[in-house]
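J.:
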Amino acid sequence: SQQGEEDPQALSIQEGENATMNCSYKTSINNLQWYRQNSGRGLVHLILIRSNEREKHSGRLRVTLDTSKKSSSLLITASRAADTASYFCATGGSNYKLTFGKGTLLTVNP
Amino acid sequence: DTAVSQTPKYLVTQMGNDKSIKCEQNLGHDTMYWYKQDSKKFLKIMFSYNNKELIINETVPNRFSPKSPDKAHLNLHINSLELGDSAVYFCASSHPSGSLRETQYFGPGTRLLVL
C-alpha cells in the first residue's frame, strides 16, 4: 500500500520564491528521502533524513522530519526555473524497500 | 559512462506479445530494482535483487519475470502483454553497504505502450 502522500499535488511559483512541499506517511520508518523527476526522465536522489534526525540541509534544500506527526517537509529556497520538476518523498524501512508518494509537481515561472 | 542504463527507451507492441526490458548498472552496486510508474506518476516497486537473489517480490502478475544474470544486470521479461501494462518502467540500483545503501540510483525509464 502507498506510504507517502505529498501535499500539494501541484505548486506554481515565481523564480526567486521559496517552495515548500509536505509529505505524510503512515508507518514507522528508518529514513525518509526526497527525489526529483524532470519530465520524461528518471528519478534523482536529493536528500535523505534518518528517523533520529529532525532537520537536514543540502545547498538550497532544507528537509524537516517530525516522526511524532509522521510528516516531512522539503523547502527549496530561491527557486529557479530549472527546479521545475516533480518531487517525490519515499520512506525506507528495515529492508531495501522504498515506498514512494504520488509526488508534487512544482512549476517555477521565470 | 551512464550509471544506470535501460534498453529500449521506448517500446510499442501489441497485446499478447512477449517483451523484455534490459537494465545495466556500472556503479558496482549489488542491489537492483524494477519500478512501475503509471499514468498518474505513481511509482510502485515490483522486484528487487541483491547479489542475484530475489529479495522483494511485490504483488505482481506472474506474467512478469525478472532475471539477474549477474550483479550488474537485471532484466524484466513480460509475457502476454495487456493494455494495463502500459507504463514507464524504471530500473534502479543501490550501494552494497553502509549508510549509502538506502539511496537509489534510477535509470532513464522504458516507456511501454501496449496497443
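Top to bottom, those sequences are chains A and B. Heads up, the first sequence is in the working numbering, so the first residue is 25 and it goes up one at a time. Heads up, the second sequence is in the working numbering, so the first residue is 3 and it goes up one at a time. By construction, the Cβ of each residue, glycine as well, lies at the ideal position given by its N, Cα and C atoms.
1. Interface residues of chain A around residue 27 of chain B at Cβ under 7 Å?
2. Under 8 Å, Cβ to Cβ, is there at least one residue of chain A near residue 95 of chain B?
3. Please report how far the alpha carbon of residue 32 of chain A lies from the alpha carbon of residue 59 of chain A, in whole angstroms.
4. If you draw a straight line from the C-alpha of residue 53 of chain B to the C-alpha of residue 36 of chain A, how long is it?
5. For a contact defined as C-beta to C-beta under 8 Å, what are the partners of residue 72 of chain A on chain B?
6. Please determine, among A:34, A:88, A:132 and A:71, the residue with the shortest C-alpha to C-alpha distance to residue 106 of chain A.
7. What three-state label does DSSP hand residue 29 of chain A in the structure shown?
8. Just to confirm my understanding: we take residue 34 of chain B, look at its own chain, exclude 5 residues before and 5 after, and list those with CB closer than 6 Å. What are they?
9. Give the C-beta separation of residue 126 of chain A and residue 39 of chain A to the nearest angstrom, bearing in mind that I take them to be a contact with Cβ-Cβ under 8 Å.
10. If the cut is a Cβ gap below 8 Å, which residues of chain A does residue 23 of chain B touch?
11. Residues in the same chain with beta-carbon distance under 7 Å from residue 21 of chain B, minus the five sequence neighbours each way, listed in chain order, please.
12. Within 8 Å, do at least three Cβ pairs link the stretch 109-116 of chain B to the stretch 81-90 of chain A?
13. In chain A, which residues lie less than 7 Å from residue 80 of chain B when you measure between Cβ atoms?
14. Anything in chain B within Cβ reach of residue 126 of chain A, meaning under 8 Å, just list it in chain order.
15. According to DSSP, residue 27 of chain B sits in a beta bridge with which residue or residues?
16. In chain B, which residues lie with their C-beta within 9 Å of the C-beta of residue 69 of chain A?
17. Hey, out of A:120, A:66 and A:114, whose CA is closest to residue 94 of chain A's CA?
18. Please list the partners that residue 50 of chain B has in chain A, where partner means a Cβ-to-Cβ separation under 9 Å.
19. Note the first and the last residue of the continuous beta strand (DSSP E) segment covering residue 77 of chain B.
20. Going by beta-carbon coordinates alone, are residue 109 of chain A and residue 89 of chain A separated by less than 8 Å?
21. On a CA-only basis, which of B:85, B:106 and B:5 is nearest residue 17 of chain B? Give me that one, please.
22. Going by Cα to Cα distance, which pick from A:70, A:120 and A:124 is closest to residue 59 of chain B?
T.: Taking the geometry as given:
1. Chain A residues near residue 27 of chain B: none, gap ~12 Å exceeds 7 Å.
2. no
3. 16 Å
4. 43 Å
5. 104 and 105
6. A:132
7. strand
8. 51, 76 and 95
9. That belief does not hold up - the Cβ atoms of residue 126 of chain A and residue 39 of chain A are roughly 25 Å apart, past 8 Å.
10. Within 8 Å Cβ-Cβ: nothing; residue 23 of chain B doesn't reach chain A, min ~14 Å.
11. 13, 15, 80 and 83
12. no
13. Chain A residues near residue 80 of chain B: none, gap ~19 Å exceeds 7 Å.
14. 42, 43 and 44
15. B:6
16. 105, 106, 107 and 108
17. A:114
18. 119, 120 and 121
19. 75-80
20. no
21. B:85
22. A:120
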